[in-house]
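Take a look at the structure below.
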Amino acid sequence: MNKFIKDQISQLKPSATLAINEDSNRLKKSGKKIYKFGFGQSPFPVPELVVNALKTNASKHTYLPMQGLEELRLAIADHLNKINNNNFNKEDIIIGPGTKELMFLMQIAFKGEVVLPAPSWVSYQPQALIAKNKVHWIQTTSNSNWFPTAESLENKIKNIKEKNLLLFINSPNNPAGTVCKNLEEIAKIAKKYRLTILSDEIYSHLTFDDQYKSISNYYPEGTIVSSGLSKWCGAGGWRLGFFAIPNQLKEFKESLKILCSESFTSVSAPIQYAAIEAYRNDHSDYLSDVKKILSFTGKYVYENLKSNLINIAKPEGGFYLFPEFTNAKFSSASEMCKDILQKTGVALLPGSDFGLDSKKMIARLSYTDFDGSSFLKSTSGSKKLDNADLKKNAPNIVDGVFALKEWSNSL
Ligand code: GLU
Numbered sequence: 001m002n003k004f005i006k007d008q009i010s011q012l013k014p015s016a017t018l019a020i021n022e023d024s025n026r027l028k029k030s031g032k033k034i035y036k037f038g039f040g041q042s043p044f045p046v047p048e049l050v051v052n053a054l055k056t057n058a059s060k061h062t063y064l065p066m067q068g069l070e071e072l073r074l075a076i077a078d079h080l081n082k083i084n085n086n087n088f089n090k091e092d093i094i095i096g097p098g099t100k101e102l103m104f105l106m107q108i109a110f111k112g113e114v115v116l117p118a119p120s121w122v123s124y125q126p127q128a129l130i131a132k133n134k135v136h137w138i139q140t141t142s143n144s145n146w147f148p149t150a151e152s153l154e155n156k157i158k159n160i161k162e163k164n165l166l167l168f169i170n171s172p173n174n175p176a177g178t179v180c181k182n183l184e185e186i187a188k189i190a191k192k193y194r195l196t197i198l199s200d201e202i203y204s205h206l207t208f209d210d211q212y213k214s215i216s217n218y219y220p221e222g223t224i225v226s227s228g229l230s231k232w233c234g235a236g237g238w239r240l241g242f243f244a245i246p247n248q249l250k251e252f253k254e255s256l257k258i259l260c261s262e263s264f265t266s267v268s269a270p271i272q273y274a275a276i277e278a279y280r281n282d283h284s285d286y287l288s289d290v291k292k293i294l295s296f297t298g299k300y301v302y303e304n305l306k307s308n309l310i311n312i313a314k315p316e317g318g319f320y321l322f323p324e325f326t327n328a329k330f331s332s333a334s335e336m337c338k339d340i341l342q343k344t345g346v347a348l349l350p351g352s353d354f355g356l357d358s359k360k361m362i363a364r365l366s367y368t369d370f371d372g373s374s375f376l377k378s379t380s381g382s383k384k385l386d387n388a389d390l391k392k393n394a395p396n397i398v399d400g401v402f403a404l405k406e407w408s409n410s411l
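Its first residue numbered 1, the sequence shown is counted upward by one per residue in this note's numbering.
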C-alpha cells in the first residue's frame, strides 16, 4: 500500500519490453557484448517517400481534429478496404499516438471483462489492471499454433458470468511469431456470444506467405481493427496508430474520441500528414524486401535452435520466436533469462511476461538485432538470400543464436 499511489498502479512495473530495451542498452554501453533479442522493434528505415513527406510537413503546427486528420482517415479506410476487403469509411477511423494508447483508452472506456489468450503481448493485461477490468486467460499451446481453439474459447466464455466481453486476437502473434489459422471458427464463437474483438493487426503486413486474413472479414460487426506504422513502416518512434471501428460499435468510437480529447488532444501534426503518404502509396517493393530478410532470418534462427531440447514453432510473420528450453531447470522463466543474459549476453523476455506459467521454460526472442538499412541496401530486389548474407548483415543474429544453442547444450 502506498499513501499517494492507487493500489492497482503501485503494483505495476515498467513495461517488460521497454525495460529490457533500456537494460540491454545500458549493458552494451558499459562494454558488455549484448545480443539485443529482447525488444521488438523494426530494424528497417522508414520508406524514403514517407520520410520526405515528414520533412515537407515539418512546418504544420496547428492542433488537428481529435479523431485525426480527415485525409489520413480516408487514406486508412481506403487502404483497409483494399487489402482486407473491409467496408470502412473515414468516420470509422480514429488516430492515436500508437495503438498502445488507443488500447489503453479503450480499456478505460470498456464496461465488462477482458479475455486474453496466453501468450499475449505484455501490455494488454496491465492496461486492463489499470482500468480495473477483470482478465480471463485462455492458456494455449504450440499444438494450436499458440492461438485459442474455438472449443477452448467457448469453454472459457461459458464459465464467465459477465456477458460483456472483450477478446484480444493478435495475428501474426507477439510473442510467438505464428499466424492464426482458425480465425473463422473463433469468429463464429465470438458472434454466438456477442463478444467484442480487438484485432491487433500491427504485424499484418509482415505475414510471410502473403495470405493475410483479418478476423474482421468473418465478424465485421463486432471487430475493431487495430494497426499503425510502427512495425511494417519501421516507425515505432513516430507513434502513430489507428483503430477502425465498425458503425455497430460506434459508442466505442465516440467515447474514445472524448478520451483522446481529454488526454493527448491529437497526434503530432507533421506525423499525421506524413502518414497519409504511408497509406496512400504502394510500398510493395519495400515490404517484399523487408519480408524476405525477416523470413530468412526467422527461418535461420528457427532451424539453428530447433532440436530435441528446444521446442519452437515455425516463424510465420512479424519478428518473434518463442523457444521452450525443455532441459532448463530454473525456479522460473525469468531466472532462466537472467542466467542466459549473464552467461551469453543474449537478452530475452520470459514467457511469464506474456501470461504463461512462470514454471514454463519459455522465452521470447526478437530477431531484429541488425542494421536494417545496410541489409536492405545489399540485398534488395530479386536476390535470394543465403547464410553468407546473414553473416555479413546480421552477425549478432548468427553469433547470438550460436551462444544460445551452446548455453542450452551445456545444461
Ligand atoms: N511491441 C514491442 C515489443 O513487444 C515494443 C513496443 C512496446 O512494447 O511498447 O517488444
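C-beta atoms are modelled at their ideal positions from N, C-alpha and C, and glycine is treated no differently.
Please report the distance separating the alpha-carbon of residue i from that of residue j.
| i | j | result |
| --- | --- | --- |
| Ile169 | Pro97 | 21 Å |
| Val50 | Ala274 | 6 Å |
| Asn57 | Cys180 | 38 Å |
| Arg280 | Asn89 | 15 Å |
| Ser152 | Leu404 | 34 Å |
| Leu80 | Glu71 | 14 Å |
| Glu101 | Leu18 | 15 Å |
| Ile245 | Asp399 | 44 Å |
| Ile189 | Leu195 | 8 Å |
| Phe370 | Ile397 | 7 Å |
| Ser214 | Ala77 | 15 Å |
| Cys233 | Tyr320 | 17 Å |
| Leu365 | Ala150 | 28 Å |
| Glu48 | Lys60 | 19 Å |
| Ala75 | Thr207 | 22 Å |
| Thr223 | Ser216 | 5 Å |
| Gly298 | Tyr367 | 7 Å |
| Leu183 | Ala313 | 18 Å |
| His205 | Ala109 | 29 Å |
| Gly318 | Asn173 | 7 Å |
| Val431 | Gly355 | Given a span of 1 to 411 for the chain in the structure shown, any question on residue 431 remains unanswerable. |
| Pro148 | Asn52 | 42 Å |
Going by DSSP, what residue range makes up the alpha helix (DSSP H) through residue i?
| i | result |
| --- | --- |
| Ile130 | Tyr124 to Ile130 |
| Arg194 | Where Arg194 is concerned, there is no enclosing alpha helix (DSSP H), given that its DSSP letter is neither H nor E. |
| Gly372 | Gly372 to Thr379 |
| Arg280 | Ala269 to Arg280 |
| Thr326 | No alpha helix (DSSP H) holds Thr326; DSSP gives it neither H nor E. |
| Gln8 | Asp7 to Ser10 |
| Pro395 | Pro395 to Asn409 |
| Val51 | Glu48 to Thr56 |
| Glu22 | Ala16 to Lys29 |
| Phe252 | Lys250 to Ser261 |
| Asn81 | Glu70 to Ile83 |
| Gly228 | Per DSSP, Gly228 belongs to no alpha helix (DSSP H); it is in the beta strand (DSSP E), Thr223 to Gly228. |
Can you give me the Cβ contacts of residue i inside the same chain, cut-off strictly under 8 Å, excluding the 5 residues immediately before and after it?
| i | result |
| --- | --- |
| Met1 | Asp7 and Ser10 |
| Asn311 | Ser142, Pro323, Glu324 and Thr326 |
| Leu12 | Pro126, Leu129 and Ile130 |
Considering only residues of the same chain and omitting the five flanking positions on each side of residue i, which have a CB-CB separation below 6 Å?
| i | result |
| --- | --- |
| Met66 | Lys257, Cys260, Ser261 and Ser266 |
| Cys337 | Leu348, Pro350 and Ala363 |
| Gln248 | Glu221 |
| Val114 | Ala128, Asn133, Val135 and Leu166 |
| Leu105 | Leu256 and Leu259 |
| Leu69 | Gln272 |
| Gln139 | Ala118 |
| Lys191 | Tyr219 |
| Ala187 | Ile215, Tyr218 and Tyr219 |
With a cut-off of 8 Å, does the C-beta of residue i fall near any C-beta of chain D?
| i | result |
| --- | --- |
| Trp232 | As a matter of chain content, chain D is missing from the structure shown, which is built from one protein chain. |
Could you give the residue range of the beta strand (DSSP E) that holds residue i?
| i | result |
| --- | --- |
| Arg364 | Ala363 to Ser366 |
| Phe243 | Gly241 to Ala244 |
| Val115 | Glu113 to Ala118 |
| His205 | Where His205 is concerned, there is no enclosing beta strand (DSSP E), given that its DSSP letter is neither H nor E. |
| Phe4 | Segment: none, Phe4 is in no beta strand (DSSP E) and carries neither H nor E. |
Go through its chain and collect everything with a Cβ distance to residue i's Cβ below 7 Å, but skip five positions before and after it.
| i | result |
| --- | --- |
| Gly228 | Gly98, Thr99, Ile202, Leu240, Gly241 and Phe242 |
| Lys111 | Asn164 |
| Trp407 | Ile340, Lys343 and Thr344 |
| Ala328 | Met336, Met361 and Leu411 |
| Pro270 | Leu54, Asn57, Ala58 and Lys60 |
| Lys29 | none |
Report whether the distance from the Cβ of residue i to the nearest heavy atom of the ligand NAP is below 7 Å.
| i | result |
| --- | --- |
| Asn2 | Among the ligands in the structure shown, the ligand NAP does not appear; only the ligand GLU can be found there. |
Q. On the three-pair Cβ rule with 8 Å, is the stretch 371-385 touching the stretch 22-40?
A. no
Q | Check your reading: residues with Cβ closer than 7 Å to the ligand GLU heavy atoms | A | Ser15, Thr17, Leu18, Phe39, Gly40, Gln41, Lys100, Trp121, Val122, Ser123, Asn174, Gly236 and Ser366
Q: Spell out a yes or no on whether the stretch 329-343 and the stretch 283-295 are touching, meaning 3 or more CB-CB pairs, one atom from each, closer than 8 Å.
A: no
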